[in-house]
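Enquirer: Each position in the sequence shown, counted from 1, maps to that position plus 872 in the working numbering.
Ideal placement from N, C-alpha and C gives every residue a C-beta, glycine not left out.
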Amino acid sequence: MMYGAGDVELPLIESAEIIESFLKVKLKELVNVAQRNAETRSRQYFDVCDLLFSIRRNEELLRCVVYGWHMKDVMTKLNSDPMDIKENQKNSQKRINICRSMLHFMNRDCLEEIVRQERNSVVRRDRLMRIAYMTLSMTAAEYERFTAARQVSFLQPFATCKQLQDFVVGEDPFFQVVDISVMSCEVLAIIAHEIVLTIMDYALGAREKSALFLDANCLPYVSQKPKIRSKLILYPHQLLFENTSETMTDDSARTCAITPFEVRESVRLIMQNRQFSF
């Protein structure tokens, strides 16, 4: 998932562990808030409506969930077996009904407006531009692996919602008896994916700003054009070799990955901006 968001093909394990730890903290926080919402409604356990009510003040996240469900329905229609079309249509209608009930949270009149706004958002546009620029130097095999990484979802590593639940809440005895619904798992997966992408946005954005700062000050060891190496845009002050025709080894390529320091700084900015506060 980090590779699909702009990191190298083999990200640093230390960076991935920091992202995973932060992810578990935020998802567990969301689940706890949803459980409190369920208790105020005299329900024993939370459902998808409690999760969505918990993020009602975060319009960007609500739009992300609506857009994620929209894309899921589109991909399901493209890849579904003819025998499963009726069942898929039923699940799609359930999602649409829930999304329509969310409209008053976002002060919108129609779902199409939300999907269009999210598709044309500045954040999504910047991500797509960065990814498109990365693919310019890829071979066919590299592009195929990169495309597969772009399709990774948090639901894929888990065979059941119970396994995703164990990933989120761990050994918490209260949630061991809770069966999270499929739609609740979908919402958690969409939010988790957005958290990872946001961390990568901050990390890569800080790296780009650093390069622009060096260019603006006309430092002698910085040229005006970035060079593309491996799967990441490398500016001259980040290159390991003076000879740009020299092939990078796996070890040297890994030194260009997102570092733990950059991930921690991204997490600090997220906490400072209260982007995923529930």
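DSSP three-state call for S926: helix, strand or coil?
Expert: For this step, residue 926 is matched to residue 54 along the sequence shown. Here S926 sits in helix by DSSP.
Enquirer: For R935 and Q989, which I take to be in contact (beta-carbon distance under 8 Å), what is that distance rounded to the nearest angstrom?
Expert: Taking the first residue of the sequence shown as 1, we reach residue 935 at position 63. Taking the first residue of the sequence shown as 1, we reach residue 989 at position 117. Going by Cβ atoms, the distance from R935 to Q989 rounds to 6 Å, so yes, they are a contact pair.
Enquirer: Check G878 in the structure and name its three-state DSSP category.
Expert: Along the sequence shown, read from residue 1 onward, the residue named residue 878 stands at position 6. DSSP, reduced to helix, strand and coil, places G878 outside both helices and strands of the structure shown, so it counts as coil.
Enquirer: Excluding the 5 residues preceding and the 5 following S926 in the sequence, name in chain order all residues of the same chain whose CB lies nearer than 7 Å to its CB.
Expert: Sequence index remark: in the sequence shown, residue 926 carries index 54 (1-based). Same-chain partners within the cutoff: L902, V905, A906, N909 and F1150.
Enquirer: Going by DSSP in three states, R1079 sits in which element: helix, strand or coil?
Expert: Position 207 of the sequence shown, counted from the start, is the residue given in the question as residue 1079. Of the three classes helix, strand and coil, the one that applies to R1079 here is helix, per DSSP.
Enquirer: For F894, which three-state DSSP category applies?
Expert: To locate residue 894, count along the sequence shown from 1; it is residue 22. Helix at F894.
Enquirer: Looking only at its chain, what residues have a beta carbon closer than 8 Å to the beta carbon of G1042, apart from the 5 residues adjacent to it on each side?
Expert: To locate residue 1042, count along the sequence shown from 1; it is residue 170. Within the same chain, G1042 has close Cβ partners K896 and K900.
Enquirer: Helix, strand or coil: which one does DSSP assign to G1042?
Expert: Within the sequence shown, the letter at position 170 stands for residue 1042. Looking at G1042 - three-state DSSP - the assignment turns out to be coil, as it is neither helix nor strand.
Enquirer: On the premise that V1135 lies in contact with I1071, defined as a C-beta separation below 8 Å, what is that separation, rounded to the nearest angstrom?
Expert: For the purposes of this step, residue 1071 is identified with residue 199 of the sequence shown, where counting begins at 1. For the purposes of this step, residue 1135 is identified with residue 263 of the sequence shown, where counting begins at 1. Contact flag correct, Cβ pair sits at about 6 Å.
Enquirer: Between the Cα of F918 and the Cα atoms of E1137, Q1037, L1069 and Q1144, which residue gives the shortest distance?
Expert: Residue numbering aside, residue 918 sits at position 46 when the sequence shown is read from its first letter. F918 has its Cα closest to that of Q1037, out of E1137, Q1037, L1069 and Q1144.
Enquirer: By Cβ distance below 6 Å, which residues in the same chain neighbour Y875 in space, the five residues on each side in sequence not counted?
Expert: On the sequence shown, residue 875 is found 3 positions in, with the first residue counted as 1. So the qualifying residues of the chain are E881 and A1021.
Enquirer: I believe D879 touches I1130 by the beta-carbon criterion, under 8 Å. Please report the beta-carbon distance rounded to the nearest angstrom.
Expert: Looking up residue 879 in the sequence shown gives position 7. Looking up residue 1130 in the sequence shown gives position 258. Indeed, because the Cβ distance is near 5 Å, the residues count as touching under 8 Å.
Enquirer: Leaving aside the five residues before and after Q1144 along the sequence, list all residues of the same chain whose C-beta is less than 7 Å from its C-beta, in chain order.
Expert: As a working note, residue 1144 is residue 272 in the sequence shown. Counting only Cβ-Cβ distances below 7 Å, and skipping sequence neighbours, we find nothing.
Enquirer: Keeping to the same chain, check which residues put their C-beta closer than 8 Å to that of A1078; ignore five residues upstream and five downstream.
Expert: Taking the sequence shown and counting its residues from 1, one reaches residue 1078 at position 206. Take A1078, set aside five residues on each side of it, and the residues of its chain with a beta-carbon closer than 8 Å to its own are E1134, E1137 and S1138, in chain order.
Enquirer: Counting along the chain, where does the alpha helix (DSSP H) carrying D1051 start and finish?
Expert: Taking the sequence shown and counting its residues from 1, the one referred to as residue 1051 is at position 179. Here D1051 belongs to no alpha helix (DSSP H), and DSSP marks it neither H nor E.
Enquirer: Does C982 come out as helix, strand or coil in the three-state DSSP assignment?
Expert: The count along the sequence shown starts at 1 and reaches residue 982 at position 110. DSSP places C982 in coil when its eight states are reduced to three.
Enquirer: Is L884 near P1132, with beta carbons less than 8 Å apart?
Expert: For the purposes of this step, residue 884 is taken as the residue at position 12 of the sequence shown. For the purposes of this step, residue 1132 is taken as the residue at position 260 of the sequence shown. Cβ atoms of L884 and P1132: closer than 8 Å.
Enquirer: Considering only the beta carbon of each residue, do W941 and C971 sit closer than 8 Å?
Expert: Along the sequence shown, read from residue 1 onward, the residue named residue 941 stands at position 69. Along the sequence shown, read from residue 1 onward, the residue named residue 971 stands at position 99. Yes. Within cutoff.
Enquirer: So for A888, helix, strand or coil by DSSP?
Expert: Taking the first residue of the sequence shown as position 1, residue 888 is located at position 16. Correct three-state label for A888: helix.
Enquirer: With DSSP run on the structure shown, which of helix, strand or coil describes N969?
Expert: Sequence index remark: in the sequence shown, residue 969 carries index 97 (1-based). Reduced to three states, the DSSP call for N969 is helix.
Enquirer: My assumption, with CB atoms under 8 Å, is that Y939 sits in contact with R999. Please give the rounded CB distance.
Expert: Indexing the sequence shown from 1 puts residue 939 at position 67. Indexing the sequence shown from 1 puts residue 999 at position 127. With 8 Å as the limit, Y939 and R999 do not qualify as a contact, their Cβ atoms being about 13 Å apart.
Enquirer: Alpha carbon to alpha carbon, what distance is there between N930 and M869?
Expert: Limits of the chain in this structure are 873 at one end and 1150 at the other, which puts residue 869 out of reach.
Enquirer: Using the Cα positions of L975 and L983, report the straight-line distance between them to the nearest angstrom.
Expert: The count along the sequence shown starts at 1 and reaches residue 975 at position 103. The count along the sequence shown starts at 1 and reaches residue 983 at position 111. Put simply, the backbone Cα of L975 is about 8 Å away from that of L983.
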